[in-house]
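Beneath this line is the structure, given in structure tokens, with notes to follow.
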Amino acid sequence: MEREPDGSTTPTRREYVKYGGALIGGGLVAGCSSGSGSPDGSASTDDETAAATASAASTEQGYAVTMSPVGTVEFGSVPTDVAVYSLLYADAAVAYGHSGAVNSLGFDAETGGNTLDAYYERLDGVSFDSTELTQLNAGSGDVQVDKELLYELDSDLHLLDPALLDSFDGWDRSDIEDITDGVAPFFGNTFSRTHGAPPEGWRGSYEYYTLWEIVEKVAEVFRATDRYERLAAVREELVGEIQSSLPPESERPTVASGIFVEGSFYPSKLNSPGFGNAHTRPLGATDAFAGTDAGFGTTYDYETLLEVDPDVFLHQYGIAAYYDVADIRETVAADPVGGDLTAVTTDRFYPSGTPVQGPLMNLFQLEMTAKQLYPDRFGEWPGYTQGEPYPEIPEAERLFDRQRVADIVAGAF
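For reference, each letter of the sequence shown is one residue, going 0 to 412 in numbering that gives the first Met the number 0.
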């Protein structure tokens with residue numbers, strides 16, 4: 000619905016589209032269908048007949064997809080105008096041939112678009128246009144999303160976790176129900192990233208999924224399970240090749256993951272559950288922070304990190320994202336204590352991937368991490384310059400077939 004200045008609503012293209020939403024068993028059950036005019040393209044003059052026709056079409060041609068915490072969402076057609084918060088869902092939309100459906104990103108759309116395109120540069124014919132996207136997050140101070148933005152976007156679907164929105168100040172379940180009923184349903188799962196606790200009202204039925212379980216469900220939304228299955232096969236082969244070639248555990252490096260901001264390290268555990276580690280956990284490295292208090296809200300100074308002294312440091316968000324890791328490494332090396340870190344003295348302080356990764360990102364990030372951790376097994380990591388695309392790797396040294404993936408995205412199979 001369009002919102003007038005006085006707060007009233009007027010019909011939109013959803014004049015014959017009915018969204019029903021109700022909390023059933025802790026899940027949001029919603030309908031999503033699209034109406035149409037007469038076969039010759041003219042609009043029907045009989046509202047009731049048009050509505051009945053659209054309803055019948057939805058019943059005959061519709062489909063449903065289920066994912067926690069939203070429950071079952073019913074679709075009358077594939078969504079074509081989708082609000083997205085996380086890069087995971089934007090990357091999935093691209094992978095399934097629906098990049099043009101994305102109308103927003105949660106954070107800086109330019110940076111998010113640059114991150115995606117840094118990987119897509121190595122996939123012939125794959126790209127993502129972020130120039131017209133709306134930024135959902137206010138971008139200053141506390142993380143926040145303005146409810147009015149979702150009304151203004153008037154999307155067919157919100158690829159957002161409603162439990163995440165409910166964790167923001169100013170949001171509650173009634174807001175989510177209102178938007179579900181008045182605009183479009185929600186479909187997303189955020190807290191599977193680290194298996195963190197959702198807001199209290201959502202905890203009883205919240206389920207955690209792997210990255211590839213999530214993107215399989217997104218594929219069902221876009222009716223693209225064929226693409227999903229082929230991409231999942233690439234990923235399975237990639238992980239199988241990596242794991243079959245790993246050195247014995249006693250010969251694997253100790254690895255720290257995290258970010259560095261204004262003199263402090265914010266550590267993350269490398270092998271803990273959650274899709275945020277989908278590019279590191281399969282590689283079986285020794286987590287330098289295992290048995291420590293590393294995690295959300297933890298900060299380490301130089302001295303504390305030196306006590307851990309990892310062989311390798313993987314700096315998150317290091318590929319065309321928020322951090323110039325080469326510059327950060329110089330800053331750390333210039334510190335009297337930081338300069339003694341083994342990862343610095345051996346030049347193994349690397350830019351690493353983005354935890355909020357989708358299926359295409361995950362393939363590149365697995366390859367990148369394998370080369371950074373085990374160069375003797377998978378070839379040297381060629382280095383990376385901030386703002387540039389994912390580095391070009393000679394074909395013989397690639398761990399997965401770029402053209403095969405590009406063909407899958409294009410539907411050429």
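We treat Cβ as the ideally placed atom computed from N, Cα and C, and that holds for glycine. The structure displayed is predicted, hence computed values, not measured ones.
- For the 8 Å CB-CB criterion, T368 and A320 do not form a contact.
- DSSP places S243 in the uninterrupted alpha helix (DSSP H) bounded by 224-243.
- The beta carbon of R347 sits closer than 6 Å to those of V311, all from its chain and outside the five residues before and after it, given in chain order.
- When C-alpha distances from E306 are compared across Y322, L245, V336, D153, the shortest belongs to V336.
- Ranked by Cα distance from N136, the options L148, A196, V77 are led by L148.
- P358: member of the alpha helix (DSSP H) spanning 358-372, first to last residue.
- The straight-line gap separating the alpha-carbon atoms of W211 and L164 is approximately 23 Å.
- Secondary structure of F377 (DSSP, three-state): helix.
- By the Cβ neighbour-count rule, A89 is buried, with 16 or more other Cβ atoms within 10 Å of its own.
- In the displayed model, P266 falls within a strand according to three-state DSSP.
- Between A218 and Y208, the C-beta spacing is not below 8 Å.
- Around the beta carbon of T384, fewer than 16 other beta carbons sit within 10 angstroms, so the residue counts as exposed.
- In this structure, the alpha-carbon of L237 lies about 21 Å from that of P350.
- Shown here, Q134 sits in a strand according to DSSP, grouped into three states.
- Assignment of L156 by DSSP, reduced to helix, strand and coil, places it in the strand class.
- Beta bridge pairing from DSSP links V83 with L158.
- Under the three-state reduction of DSSP output, D323 falls in the coil class, being neither helix nor strand.
- For Y118, the enclosing alpha helix (DSSP H) covers residues 108-119.
- L159 and V69 have their alpha carbons spaced roughly 10 Å apart.
- With a cutoff of 8 Å on beta-carbon distance, P388 and R202 are scored as not near each other.
- In chain order, P197 place their CB closer than 6 Å to the CB of F190, counting only its own chain and leaving out the 5 sequence neighbours on each side.
- Within the DSSP secondary-structure output, P350 pairs in a beta bridge with H314.
- In this structure, D286 is the residue among N270, P272, D286 with its C-alpha nearest to the C-alpha of T253.
- A straight line joining the alpha-carbon of Q60 with that of V77 spans about 11 Å.
- At the C-beta level, S126 and Y119 come within 8 Å of one another.
- Counting the other CB atoms within 10 Å of its CB gives G169 a total below 16, which places it among the exposed residues.
- The shortest C-alpha to C-alpha distance from K268 to any of T110, G257, P281, S244 is the one to G257.
- When the beta-carbon positions are compared, F186 and L152 stay at least 8 Å from each other.
- Residue pairing for S103: DSSP places it in a beta bridge opposite T133.
- Here V72 carries a strand assignment [DSSP, helix/strand/coil].
- Comparing C-alpha distances from P374 to each of Y84, E250, A223 shows the shortest one belongs to E250.
- Of the other Cβ atoms in all chains shown, fewer than 16 fall within 10 Å of the Cβ of P246; this residue is therefore exposed.
- The C-alpha of A332 lies about 26 Å from the C-alpha of G290.
- Closest in alpha carbon position to V214, among M66, T79, D406, E394, is M66.
- A residue is called buried once 16 or more other Cβ atoms fall within 10 Å of its Cβ, and A342 is buried on that count.
- Looking at S154, S103, T224, the one whose alpha-carbon comes closest to that of F412 is T224.
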